[in-house]
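Written below as structure tokens is the structure these notes are about.
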Amino acid sequence: MAKMKSHRGACKRFKVTGNGKLKRHKAYKGHILTKKTAKRKRNLRQSAMATTADEKRILRSMGK
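Each residue of the sequence shown is one higher than the last, beginning at 438 in my numbering.
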């Protein structure tokens, strides 16, 4: 039986930290930025952690 392929989109969107948590980027920063305040856009630049409820599913799709 062949190996399972990792989901390339998930691999590009998530990074595993040293503690094993998943780092992700925030949404809503792609377009329609004129109506969003500078503070909101600045906060969207920060990375966030994926929820623990999704970690197992994301790691499986990443092939880890």
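Even for Gly, the Cβ is constructed at its ideal location relative to N, Cα and C.
Tell me the DSSP secondary structure of residue i in three-state form.
i, result
"Arg497", "helix"
"Lys452", "strand"
Tell me which residues share the same chain as residue i and place their Cβ nearer than 6 Å to its Cβ, disregarding the 5 neighbours each side in the sequence.
i, result
"Asp491", "none"
Spatial neighbours of residue i within its chain, please: C-beta separation below 8 Å, excluding the five flanking residues on both sides.
i, result
"Leu496", "Val453 and Leu459"
"Lys478", "Lys466 and Leu470"
Which residues in the same chain have their Cβ closer than 7 Å to the Cβ of residue i, if we skip the five residues on either side of it in sequence?
i, result
"Gly457", "none"
"Met499", "Ser443, His444, Ala447, Cys448 and Phe451"
"Ser484", "Lys460, Arg461 and His462"
Rounded to a whole number of angstroms, what is the C-alpha to C-alpha distance between residue i and residue j?
i, j, result
"Met486", "Arg461", "6 Å"
Pick out the complete alpha helix (DSSP H) segments inside the stretch 466–495, 4 residues or longer, and give them in chain order. 475–481
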